[in-house]
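Asks:
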Amino acid sequence: MQVIVNTDSNVNGTERVAGALETIVEESLSRYGERLTRVEVHLSDESAGRSSTDDIKCTLEARPAGGTPVVVTENANAVEEALTGALHKMKSLLETHFGKLDARKGNLPMGEVV
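Its first residue numbered 1, the sequence shown is counted upward by one per residue in full-length UniProt numbering.
#1: Who pairs with H97 in a beta bridge, going by DSSP?
#2: For T7, write down the residues that DSSP places opposite it in a beta bridge.
#3: In the DSSP assignment, the alpha helix (DSSP H) including E74 goes from what residue to what residue?
#4: By DSSP, does A86 sit in helix, in strand, or in coil?
#5: Taking the continuous alpha helix (DSSP H) assigned at A20, which residues delimit it?
#6: Ordered along the chain, which non-local residues of its own chain (more than five positions away) have a Cβ less than 8 angstroms from that of D55?
#7: Helix, strand or coil, according to DSSP, for A65 in the structure here?
#8: Would you tell me roughly how many angstroms separate the C-alpha atoms of H42 and R104, rounded to the nearest one?
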């Protein structure tokens, strides 16, 4: 699973910050690592530097191998909060997405070992 972090000009997107965010995403979605080819993180400041609530937007786009990309979005006051909320939504979405695929294909549910 490849993780790509993109930020707009109003969000601190240094290599160090991007590396830390990549690690958080990889650890959080590690359960789905073999089933995802890429995860893109898009961070933006909706208010362009003005002070307001829930102005940091995090969009996560996960690309399942051989499937259609799935997307979630979360707004929060800080980058970490937005990323955490988006990851929570993505994990729930992927659980449903892969669960339906497994049920349709007759595969074992994720994490079940025979």
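Cβ atoms here follow ideal geometry from the backbone N, Cα and C, with glycine treated the same way.
Replies: According to the structure shown:
#1: Bridge partners of H97 according to DSSP: none are assigned.
#2: Looking at the DSSP assignment, T7 forms a beta bridge with L43.
#3: Note, E74: premise wrong, no alpha helix (DSSP H); beta strand (DSSP E) at 70–76.
#4: Assigned with DSSP and collapsed to three states, A86 falls in helix.
#5: The continuous alpha helix (DSSP H) containing A20 extends over residues 15–28.
#6: Scanning its chain for C-beta atoms nearer than 8 angstroms, with the 5 sequence neighbours on each side dropped, one finds around D55 the residues D45, E46, S47, N75, N77, in chain order.
#7: The answer is coil: DSSP assigns A65 none of H, G, I, E or B.
#8: If you draw a straight line from the Cα of H42 to the Cα of R104, it is about 32 angstroms long.
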